[in-house]
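Asks: So the protein lines, in turn, are chains A and B. Residue 17 in the numbering used here sits at position 17 of the first sequence, and the numbers go up by one each step. Plus 135 on top of the position in the second sequence (first one is 1) and you've got the numbering used here. Here a beta-carbon is modelled for each residue, glycine too, at the ideal position from N, C-alpha and C.
There are 2 protein chains.
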Amino acid sequence: MQRMTRQRTALADLLEVTPDFRSAQQLHQLLKDAGQNVGLATVYRTVQAMAEAGDVDVLRIEDGEALYRRCARGHHHHLVCRECGKTVELAGEAVERWASRIAQEHDFVDVDHTAELVGICRDCAARIYGGGARA
Amino acid sequence: MQRMTRQRTALADLLEVTPDFRSAQQLHQLLKDAGQNVGLATVYRTVQAMAEAGDVDVLRIEDGEALYRRCARGHHHHLVCRECGKTVELAGEAVERWASRIAQEHDFVDVDHTAELVGICRDCAARIYGGGARA
DNA sequence: GCATTGTTGAGAATGATTGTCATGCCGTCC
DNA sequence: GGACGGCATGACAATCATTCTCAACAATGC
Ligand SMILES: [Zn+2]
Ligand SMILES: [Zn+2]
Ligand SMILES: [Zn+2]
Ligand SMILES: [Zn+2]
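(1) Would you mind working out which of B:Phe-243, B:Ala-176 and B:Arg-204 sits nearest A:Cys-84, comparing C-alpha positions?
(2) To the nearest whole angstrom, what separates the beta carbons of B:Val-193 and B:Tyr-179, a pair I think is in contact under 8 Å?
(3) Identify every residue that forms a DSSP beta bridge with A:Ser-100.
(4) Rounding to the nearest angstrom, what Cα-Cα distance links B:Arg-205 and B:Val-182 in this structure?
(5) Would A:Cys-146 and A:Ile-128 qualify as a contact pair, given that the criterion is a beta-carbon distance under 8 Å?
(6) Check the Cβ of B:Leu-214 against every Cβ in chain A and list those closer than 7 Å, keeping chain order.
(7) Grouping DSSP H, G and I as helix and E and B as strand, with all else coil, what is A:Ile-120?
(8) By the three-class DSSP mapping on this structure, what secondary structure does B:Thr-177 have?
(9) From what residue to what residue does the beta strand (DSSP E) around B:Asp-192 run?
(10) Is A:Thr-87 buried or exposed, if buried means 16 or more other CB atoms sit within 10 Å of its CB?
(11) When you compare the CB of B:Asp-247 with every CB in chain A, is at least one pair closer than 8 Å?
(12) Can you list, in chain order, the residues of its chain whose CB lies under 8 Å from that of B:Leu-166, leaving out five sequence neighbours each side?
(13) Output yes if chain A places a C-beta closer than 8 Å to the C-beta of B:Val-182; else output no.
(14) Mind listing which residues have their beta carbon within less than 7 Å of any non-hydrogen atom of ligand 3? Chain order is fine.
(15) Between A:Cys-71 and chain B, is any beta-carbon pair separated by less than 8 Å?
(16) Report the three-state DSSP secondary structure of B:Asp-168 (helix, strand or coil).
(17) In terms of alpha-carbon separation, which member of A:Gln-29, A:Asp-55 and A:Ala-103 lies closest to B:Arg-117?
Take a look at the structure:
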């Protein structure tokens, strides 16, 4: 059974108020900054357990580093701003249908899929490309 | 300008006859097995240059390791067998439309997307789940 | 041939993630 | 409240893919 320890509570609370994807290293540092010292190994273990339990989502960035985020339960995808990290959860059925259709067409079974969108949100676009461009 | 060296030729030739995604480490070993000694750093550099040039595709597996594969030029996605590595290139428009629709709906620009399917191909399914099941 | 300059490779360095294991603390049962 | 069994923790070592360094090399152009 999962014991409720100071460390797990602290990490769960932190994730609850963290809107963007963060790495285990970042979470460890954020906890330290908040005066909650939690061992790095514990952060890794806990965040992975939460991922397996479906309580957090995992996202791999370009260099392979894993980022974690508290998310709604259930299968969904993400739209992430590559500048500020703002994240939108996507629950549409379009990708699900595409995946299962492709799986059938090619005689594959047990097909999982990943689908993530990375772009620049309106606010960051205004800041980067010049605030005057937008009406 | 890109010079044509023994190492680059060997790696390009190897990729040309390798149908599945392979890691840099694997490619390095395969070259060694074939009697073509190529430094590991060179394999990494070359395979990354090829990826930037669009000559090979990169796929990140669950633990973050990068796999490379000679692919048709142009944007596409993949359906990969998690048992044998068999890979099918997917060129459909369904995902592209989904991605651009979502981007518009949420006011994001410069949106890239990744979408990969991983399952078990017919042959592996027959071998694993019992060969008698299929008619 | 020869100079120029991009390329190579052995080994060190980096950095995220995982393993180790003695100690600690949660939940439970008196 | 207090003892106990066992999962949880954390400082540290270990792993391992990837990147860096830099002297020695080798395409390419003349
Ligand atoms: Zn999510
Ligand atoms: Zn989906
Ligand atoms: Zn491809
Ligand atoms: Zn696409």
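Replies: This is what the structure gives:
(1) B:Phe-243
(2) The Cβ separation is near 12 Å, so there is no contact.
(3) None; A:Ser-100 has no bridge partner.
(4) 10 Å
(5) Since the first residue of chain A shown is 1 and the last is 135, residue 146 of chain A is not available in this structure.
(6) Ile-102, His-106 and Phe-108
(7) strand
(8) helix
(9) 191-195
(10) buried
(11) yes
(12) Ala-145, Leu-146, Leu-149, Asn-172, Val-173 and Val-178
(13) no
(14) B:Asp-192, B:Arg-204, B:Cys-206, B:Ala-207, B:His-211, B:His-213 and B:Glu-224
(15) no
(16) helix
(17) The requested residue 117 of chain B does not occur in the structure, where chain B is confined to residues 136 to 270.
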